[in-house]
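Taking it in order: structure first as structure tokens, then the write-up.
2 protein chains.
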Amino acid sequence: MAVDNLDVASRASIRRTNLGLVLRRLRSRGARSRTQLAEDLGLPKATVSTLVNELVERNLVREGEVQRGGSVGRPRQAVELHGRTLCGLGVEISVDYARAIALDLRGETLLDQRITINAQRDSEVLLDAVAALIARAVESMREQGVEVIGVTVATPGEIDRDAGVVLFAANMNWSRLPVVAGLRARLAADAPPIAVGNDARLGAIAEHAIVGPVGINDLIYITGEVGVGAGIITDGRLMLGATGFAGEVGHMPLDPERQPCACGRRGCWETMVGLSALLRHAADAGDPVRDPDRDLEIRLAEIRTRAAVGDKRTLAALDRIAHGLGLGIGLLIDVLNPQAVVLGGYFAILGDHLLATTRRVVDEHVMAPHAGGCQLLVSTLGFTSAARGAAQDALEPVFHDPGSVSAPADQLSVMRKS
Amino acid sequence: MAVDNLDVASRASIRRTNLGLVLRRLRSRGARSRTQLAEDLGLPKATVSTLVNELVERNLVREGEVQRGGSVGRPRQAVELHGRTLCGLGVEISVDYARAIALDLRGETLLDQRITINAQRDSEVLLDAVAALIARAVESMREQGVEVIGVTVATPGEIDRDAGVVLFAANMNWSRLPVVAGLRARLAADAPPIAVGNDARLGAIAEHAIVGPVGINDLIYITGEVGVGAGIITDGRLMLGATGFAGEVGHMPLDPERQPCACGRRGCWETMVGLSALLRHAADAGDPVRDPDRDLEIRLAEIRTRAAVGDKRTLAALDRIAHGLGLGIGLLIDVLNPQAVVLGGYFAILGDHLLATTRRVVDEHVMAPHAGGCQLLVSTLGFTSAARGAAQDALEPVFHDPGSVSAPADQLSVMRKS
């Protein structure tokens with residue numbers, strides 16, 4: 001049969017594939033013995049040992065604790081992902097802040113920094129600030145002996161990832177902004193590779209990393225800030241669509257009141273449920289919660305406090321948002337039939353005040369019985385999802401082709417496709 | 001490496017996988033020589049020859065024409081899928097007709113029969129009629145020496161495929177109708193296996209078979225009859241969702257006029273663009289195009305004629321439908337970013353009168369530039385998509401596990417998983 005006749009190229013390709021399989025298994029299931037890995041992957045134990053040894057040489061995996069399986073059998077040495085040797089850096093650019101998060105292979109947060117910006121003002125000034133944030137993060141990691149193997153920048157809007165350009169982001173006033181080239185020009189020549197991706201899609205990757213291990217591999221992540229976006233995970237993978245634009249849910253024409261939207265259209269979902277709608281319903285123009293120069297997290301904490309003490313206007317505003325959320329989420333469940341919808345961004349911060357009404361409206365609107373079994377979850381990552389997902393995205397080349405990492409003990413260097 | 005150590009189970013599994021690969025390649029690319037197949041699949045030629053011989057023995061593949069590649073090299077014997085030995089039977093049950101289509105492995109139509117029914121009246125009488133249609137079709141195929149290896153029934157509504165039950169179909173007045181058990185009880189004990197699936201999802205499979213070969217593997221198929229449904233193909237595969245309900249687009253709450261819908265809600269997309277909306281806008285209650293006892297295809301032909309002679313009311317009705325279609329399709333493009341949206345059902349019959357307005361509204365509403373490159377296509381299958389897709393569905397076990405077909409020359413029998 002075919003398996004006896006495989007040529008050298010096929011063998012090399014299978015080896016690389018298997019290296020990635022081992023690494024991804026350790027990511028999804030945690031520390032495991034070589035014997036367990038062999039069982040998991042349906043590969044002979046000798047093969048798995050060879051693969052593990054190669055990953056250890058590359059500093060991607062290390063020997064972990066000795067596991068004792070019970071009263072019989074000899075103890076097994078577990079292997080686990082090696083932390084703190086290399087990391088991915090994710091940088092979210094939002095309307096009023098930028099955040100950098102570095103994650104190592106184990107998903108441990110090595111760095112979390114946040115700066116206040118005004119993305120709508122001047123994109124050159126913004127790129128200066130973001131480049132400085134990246135440079136500081138890379139330097140800080142290097143000082144700790146950790147190499148940043150890639151940077152992924154998360155922004156709202158429609159993105160041409162291959163070109164590194166944000167084509168259009170209404171709430172940022174951006175049109176064809178060359179984010180990657182702009183950052184690269186501001187960084188040192190030996191800076192890590194940079195990519196740019198959509199914030200909601202990247203956030204979905206971070207959320208899936210949380211709920212995937214409990215068996216949720218079909219989900220919609222909804223992020224709420226000034227804009228509203230989504231990332232769709234099907235069969236455990238991010239749905240990109242034909243040209244990478246899948247998940248553009250903020251402009252579904254759902255609002256019968258047809259409020260004008262920043263995109264130039266009327267009645268978009270984000271005019272019903274975006275942050276501006278909440279603030280407009282909850283407070284008059286002079287109210288400090290509507291002051292864009294104040295930190296968003298402080299303003300949301302204030303809204304939480306008002307809701308907690310039963311402020312009628314705040315509760316009515318939250319109920320209105322929850323209703324609008326339910327309408328749009330119900331529609332998305334009808335179209336995609338996910339196992340879960342995860343609320344992120346400000347929806348997560350205010351989740352306990354939104355969930356009951358949203359759930360009721362969803363159940364009323366979805367055609368499938370019991371909303372097709374869909375769970376409604378509140379993100380535990382709050383405003384960090386996009387930056388975390390971006391950091392995971394920056395690490396993906398390692399998990400898909402660990403052979404690209406060559407590791408002479410104390411000097412890691414990574415070759416990535418240009 | 002691993003490939004030398006594969007055990008017998010793995011080898012058998014690889015052989016079955018490879019048999020399916022060869023068969024699916026012949027389906028997607030047509031007749032090919034063994035050498036071409038080996039190149040296509042990256043398998044050694046000797047392996048491919050063994051696989052092809054096994055498929056020939058099972059009567060699934062046959063030797064085709066001799067190909068001459070040019071002035072040099074010896075001529076090559078092509079192999080191709082064997083037609084007219086076995087077939088899948090697809091049966092669509094719609095509100096006012098049932099249609100049976102038999103397709104062989106080559107996708108050739110061996111049978112196409114249509115009966116008039118009234119699905120809304122009595123489900124027992126309906127199942128009698130459909131069972132008789134199936135029995136006649138199976139018998140007719142048998143007389144021609146063709147075995148029906150499976151029957152898939154396509155109906156609107158939410159379906160529990162494993163149980164063989166339509167859970168809910170508003171336009172049919174069905175609730176928990178056990179279609180498979182009902183048909184099985186009416187058919188002979190040696191009748192082929194029966195399954196039931198959603199009409200729009202099955203229609204999408206048929207449409208993908210048409211456009212997949214030209215590279216369209218991300219598409220949304222929209223079917224319009226009394227209800228409106230969708231089937232979503234991503235990466236060449238039907239998206240089912242977590243529990244098989246993905247594509248339930250008919251009840252997206254898009255109509256600002258909030259007309260009541262058969263589902264009990266208001267403002268559903270199908271109240272804007274379903275067949276009833278078209279007929280209501282196009283004609284008064286007594287008009288023959290609104291008479292449900294007349295054949296739908298004849299009524300639609302009459303509407304085409306009125307549009308062709310410039311009847312103002314008809315044109316205005318079509319424009320209104322086209323506008324509503326554009327709104328909903330634009331939303332779906334934002335969410336899913338497909339390469340193409342294919343209009344089926346009555347939208348296909350009237351496509352030339354709908355397309356320009358629908359395209360304009362789509363372009364105005366989709367966030368991605370040029371609607372993410374999405375094409376708007378009119379189905380060439382008209383009202384046959386669902387039955388054709390169902391027939392293809394019934395053939396899937398062969399294409400995925402050709403080893404399940406055992407073929408002593410003149411007596412085919414198929415073992416399917418129960």
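Line by line, the protein sequences are chains S and W.
To convert, note that position 80 of the first sequence is 80 in the UniProt record's numbering; the numbers rise steadily by one, no gaps.
To convert, note that position 231 of the second sequence is 231 in the UniProt record's numbering; the numbers rise steadily by one, no gaps.
Beta carbons: idealized from backbone N, C-alpha and C, even for Gly.
None of these values were measured; they are calculated from a predicted model.
Which residue or residues does DSSP assign as beta-bridge partners of residue i?
| i | result |
| --- | --- |
| residue 115(S) | 98(S) |
| residue 160(W) | 165(W) |
| residue 195(W) | 152(W) |
| residue 104(S) | 87(S) |
| residue 175(W) | 168(W) |
| residue 340(W) | 219(W), 375(W) |
| residue 232(S) | 220(S) |
| residue 238(W) | 233(W) |
| residue 147(W) | 86(W) |
| residue 81(W) | 61(W) |
On the CB-based measure, 16 or more other CB atoms within 10 Å of its CB, does residue i come out buried or exposed?
| i | result |
| --- | --- |
| residue 116(S) | exposed |
| residue 397(W) | buried |
| residue 344(S) | buried |
| residue 361(W) | buried |
| residue 255(W) | buried |
| residue 17(W) | exposed |
| residue 214(S) | exposed |
| residue 443(S) | Since the first residue shown for chain S is 1 and the last is 418, residue 443(S) is missing from the structure and cannot be characterised. |
| residue 218(S) | buried |
| residue 47(W) | buried |
| residue 285(W) | exposed |
| residue 225(S) | buried |
| residue 144(W) | exposed |
| residue 310(W) | exposed |
| residue 208(W) | buried |
| residue 418(W) | Note that residue 418(W) scores a pLDDT of 36, beneath 50, so its modelled location is shaky; the value from the coordinates is reported in the next line. Residue 418(W) should be labelled exposed. |
| residue 197(W) | buried |
Would you kindly check if the distance between the Cβ of residue j and the Cβ of residue i is under 8 Å?
| i | j | result |
| --- | --- | --- |
| residue 28(W) | residue 212(W) | yes |
| residue 200(W) | residue 234(W) | no |
| residue 394(S) | residue 130(S) | no |
| residue 113(W) | residue 95(W) | no |
| residue 146(S) | residue 103(S) | no |
| residue 126(W) | residue 389(W) | no |
| residue 337(S) | residue 243(W) | yes |
| residue 422(S) | residue 350(S) | Coverage of chain S is limited to positions 1 through 418, which leaves residue 422(S) absent and any answer about it impossible. |
| residue 148(W) | residue 60(W) | no |
| residue 83(W) | residue 108(W) | yes |
| residue 384(S) | residue 99(S) | yes |
| residue 204(S) | residue 262(S) | no |
| residue 26(W) | residue 80(W) | yes |
| residue 138(S) | residue 191(S) | yes |
| residue 133(S) | residue 91(S) | yes |
| residue 67(S) | residue 206(S) | no |
| residue 342(W) | residue 335(S) | no |
| residue 227(S) | residue 156(S) | yes |
| residue 194(S) | residue 153(S) | yes |
| residue 42(W) | residue 372(S) | no |
Cβ-heavy atom distance between residue i and the ligand FMN below 7 Å?
| i | result |
| --- | --- |
| residue 211(W) | With respect to the ligand FMN, the structure shown offers nothing to examine, as it has no ligands at all. |
Contiguous beta strand (DSSP E) assignments of at least 3 residues, all confined to the region 272-328 of chain S: With a minimum length of 3 residues, no continuous beta strand (DSSP E) run stays inside the region 272-328 of chain S.
Which runs of the alpha helix (DSSP H) fall wholly inside the region 8-68 of chain S and span at least 4 residues, in chain order? 8-29, 34-41, 45-57
Is it the case that the region 272-283 of chain W contacts the region 322-333 of chain W, given that we only count it when at least three CB pairs across the two stretches are under 8 Å? yes
Should the region 245-263 of chain S be called in touch with the region 360-379 of chain W, which here means at least 3 C-beta pairs below 8 Å? With three or more CB-CB distances shorter than 8 Å, the region 245-263 of chain S counts as touching the region 360-379 of chain W.
Is it the case that the region 249-266 of chain W contacts the region 377-386 of chain S, given that we only count it when at least three CB pairs across the two stretches are under 8 Å? no
If we require 4 or more residues per run, which alpha helix (DSSP H) segments fall completely within the region 377-410 of chain W? 385-400
Residues in the region 362-377 of chain S having any Cβ partner in chain A nearer than 9 Å: The structure shown has no chain A; the protein chains it does contain are S and W.
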